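K.L.:
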Amino acid sequence: MTETTDILKRVRQIEIKTRGLSNNIFAGEYHSAFKGRGMMFSEVREYQYGDDIRNIDWNVTARFHHPYVKVFEEERELTVMLLIDVSGSREFGTTWRFKKNVITEMAAVLAFSAIQNNDKIGVIFFSDHIEKFIPPKKGRKHILYIIRELIGFKPESRGTNISEALRYLTNAIRKRCTAFIISDFMDDNFEDSLKIANHKHDVVALRVYDPRETEIPNIGFVKLKDAETGNYTWINTANKKTREAYKEWWRKNEQRLQNAFSKSGVDNVAVPTNEDYVKALISLFKKRA
Numbered sequence: 001m002t003e004t005t006d007i008l009k010r011v012r013q014i015e016i017k018t019r020g021l022s023n024n025i026f027a028g029e030y031h032s033a034f035k036g037r038g039m040m041f042s043e044v045r046e047y048q049y050g051d052d053i054r055n056i057d058w059n060v061t062a063r064f065h066h067p068y069v070k071v072f073e074e075e076r077e078l079t080v081m082l083l084i085d086v087s088g089s090r091e092f093g094t095t096w097r098f099k100k101n102v103i104t105e106m107a108a109v110l111a112f113s114a115i116q117n118n119d120k121i122g123v124i125f126f127s128d129h130i131e132k133f134i135p136p137k138k139g140r141k142h143i144l145y146i147i148r149e150l151i152g153f154k155p156e157s158r159g160t161n162i163s164e165a166l167r168y169l170t171n172a173i174r175k176r177c178t179a180f181i182i183s184d185f186m187d188d189n190f191e192d193s194l195k196i197a198n199h200k201h202d203v204v205a206l207r208v209y210d211p212r213e214t215e216i217p218n219i220g221f222v223k224l225k226d227a228e229t230g231n232y233t234w235i236n237t238a239n240k241k242t243r244e245a246y247k248e249w250w251r252k253n254e255q256r257l258q259n260a261f262s263k264s265g266v267d268n269v270a271v272p273t274n275e276d277y278v279k280a281l282i283s284l285f286k287k288r289a
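Just so we're aligned, residue 1 is where the sequence shown starts under full-length UniProt numbering, counting upward by one.
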């Protein structure tokens with residue numbers, strides 16, 4: 001009962017914070033950054049100088065012996081999917097927030113921003129397999145259910161398979177959608193799946209990392225645990241070559257990820273746990289707009 005009460009309390013706290021952000025900051029940015037699925041017919045009006053002749057309605061033109069054009073407007077309603085990484089590596093943080101806390105808040109902000117624009121929102125929780133699928137719907141009740149799951153969901157596995165999540169998205173969502181994949185991207189060999197998914201949908205990558213993951217401090221011998229496999233290993237951080245080798249691995253991994261996003265045509269942003277994710281999201285939205 002205590003755990004349930006605590007989850008509901010956190011749901012309320014996150015709702016207040018993230019709904020305020022989406023109302024006051026993201027509303028306009030989100031609307032302009034994520035367009036509708038296409039253009040839908042609105043009306044027919046008389047041809048005006050400068051109109052595209054490809055939009056002439058020849059049936060109406062023949063009837064009234066005067067050129068008329070079809071007018072289209074953007075089809076605003078979107079389906080938004082959140083692909084949430086629930087693997088073991090998200091349970092890491094050396095500042096005042098774990099990666100999973102940042103992932104939860106960003107997902108909630110995007111969910112409220114979507115619902116303000118009358119968009120449907122759905123979620124795919126993934127580890128090294130699909131843990132849970134929440135079909136896209138509208139409504140505040142649906143949003144609060146999503147936030148409860150973001151906070152309280154307990155995965156069966158601790159591994160990561162981004163390709164599996166992307167394949168599931170491609171197969172489960174038939175019509176084009178905007179898909180945010182929120183992960184630390186501690187995985188390999190997902191580039192092909194990313195290309196395929198982004199060809200069908202509009203995929204956006206939000207990568208969350210902790211600053212301590214970028215380099216190893218000199219603190220002597222330490223026992224490290226792999227959050228996903230559970231394996232332990234001892235490392236001598238006093239060894240300069242060890243620290244430099246890890247730093248070089250991180251640099252190459254960063255380059256590998258950027259190449260994967262670039263080749264797949266996927267917009268992306270990196271969000272460290274010790275900085276405000278609001279600036280990163282606004283920067284991404286403005287870039288897309």
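Ideal Cβ placement from N, Cα and C applies to all residues, glycine included.
Computed from a predicted structure; not experimentally measured.
Give the C-beta separation of Leu110 and Leu82 to the nearest angstrom, bearing in mind that I take them to be a contact with Cβ-Cβ under 8 Å.
P.N.:
So it is a contact: roughly 6 Å between Cβ atoms.
K.L.:
List the residues that DSSP assigns as beta-bridge partners of Phe126.
P.N.:
Phe126 is bridged to Asp85, Ile130.
K.L.:
Would the beta-carbon of His129 fall within 9 Å of that of Glu156?
P.N.:
Taking 9 Å as the Cβ cut-off, His129 and Glu156 qualify as a contacting pair.
K.L.:
Sort Ala107, Glu43, Thr79 by Cα distance to Val208 and report the nearest one.
P.N.:
Ranking Ala107, Glu43, Thr79 by Cα distance to Val208 puts Ala107 first.
K.L.:
Which runs of the alpha helix (DSSP H), 4 residues or longer, sit entirely within the segment 184 to 228?
P.N.:
Listed in chain order, they are 191 to 200.
K.L.:
With three or more beta-carbon pairs closer than 8 Å as the criterion, would you say the segment 174 to 184 touches the segment 85 to 104?
P.N.:
At 8 Å Cβ cutoff, the stretches touch.
K.L.:
Can you have a look at Ala245 and say buried or exposed, based on whether 16 or more other CB atoms are within 10 angstroms of its CB?
P.N.:
Ala245 should be labelled exposed.
K.L.:
Please go through the same chain and pick out, in chain order, the residues whose beta-carbon is closer than 8 Å to the beta-carbon of Val102, but skip the five residues on each side of it.
P.N.:
Val208, Val271, Thr273, Tyr277.
K.L.:
Is it true that the segment 112 to 123 meets the segment 157 to 171, where meeting means three or more beta-carbon pairs spaced less than 8 Å apart?
P.N.:
No, because fewer than three Cβ pairs between the segment 112 to 123 and the segment 157 to 171 fall closer than 8 Å, the two stretches do not touch.
K.L.:
Just to confirm my understanding: we take Lys9, look at its own chain, exclude 5 residues before and 5 after, and list those with CB closer than 6 Å. What are they?
P.N.:
Result list for Lys9: empty, nothing under 6 Å.
K.L.:
DSSP three-state call for Ala179: helix, strand or coil?
P.N.:
In this structure, Ala179 counts as strand in the three-state DSSP scheme.
K.L.:
For Asp57, which residues of its own chain have a beta-carbon under 7 Å away from its beta-carbon, when the five flanking residues on both sides are left out?
P.N.:
These residues qualify, in order along the chain: Val44, Tyr68, Val69, Lys70.
K.L.:
For the beta strand (DSSP E) containing Asn143, name the first residue and the last one.
P.N.:
Note that residue 143 corresponds to Ile in the displayed sequence, not to Asn. Run containing Ile143: none in the beta strand (DSSP E); it sits in the alpha helix (DSSP H), 140 to 152.
K.L.:
I believe Ala280 touches Val269 by the beta-carbon criterion, under 8 Å. Please report the beta-carbon distance rounded to the nearest angstrom.
P.N.:
Yes, Ala280 and Val269 are in contact; Cβ-Cβ is about 5 Å, under 8 Å.
K.L.:
Let me know the secondary structure DSSP gives Arg37 once reduced to three states.
P.N.:
Residue placement at Arg37 cannot be trusted, given a pLDDT of 46 that sits under 50; what the coordinates show is reported in the next sentence. Reduced to three states, the DSSP call for Arg37 is coil.
K.L.:
Quick one: what does DSSP say Met1 is sitting in, helix, strand or coil?
P.N.:
Because the pLDDT of Met1 is 47, which lies under 50, any placement of that residue in the model is unreliable, and the number read from its coordinates should be weighed accordingly. Met1 falls in the coil class under three-state DSSP.
K.L.:
Short check: CB of Leu206 to CB of Ser264, under 9 Å?
P.N.:
Taking 9 Å as the Cβ cut-off, Leu206 and Ser264 do not qualify as a contacting pair.
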